[in-house]
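Numbering (our numbering), first residue to last: 14 to 121.
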């Protein structure tokens, strides 16, 4: 399975997934840290991929959704965006609602 196929499977199999630098417990950039803070504040489970641990994914992900930067948040298979968009959605309350719906849909 090539990197683009792996990304597609990860995005499909996980209702909420963030591609980030580092891990939620040890983010390796400020943007990734802020996205993780927002996700944790929404109190929903989420998956992550540390792009530093998979160079093929690191190189292929910008092509997958035509988004050049990291982190990248996907909800229900769709790219939501990076740090700024995620934080804007969090501040308006939309992120929590979106994530709760994604988790509920997966359980149904």
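A virtual CB, placed ideally from N, CA and C, is assigned to each residue, including glycine.
- Using a Cβ distance threshold of 9 angstroms, residue 23 and residue 62 count as a contacting pair.
- Secondary-structure assignment with DSSP links residue 60 through a beta bridge to 30.
- Collapsing the DSSP output to three states places residue 95 in coil.
- Per the coordinates, the alpha-carbon of residue 99 lies some 14 angstroms from the alpha-carbon of residue 59.
- For residue 50, the uninterrupted alpha helix (DSSP H) run begins and ends at 43-54, by DSSP.
- For residue 89 and residue 51, the gap between their C-alpha atoms comes out near 17 angstroms.
- Bounds of any alpha helix (DSSP H) do not take in residue 39, whose DSSP letter is neither H nor E.
- Straight-line measurement puts the Cα of residue 80 at about 15 angstroms from the Cα of residue 21.
- For residue 115, the closest C-alpha among the options 18, 28, 14 and 46 is that of 28.
- For residue 35, the closest C-alpha among the options 15, 25, 65 and 26 is that of 65.
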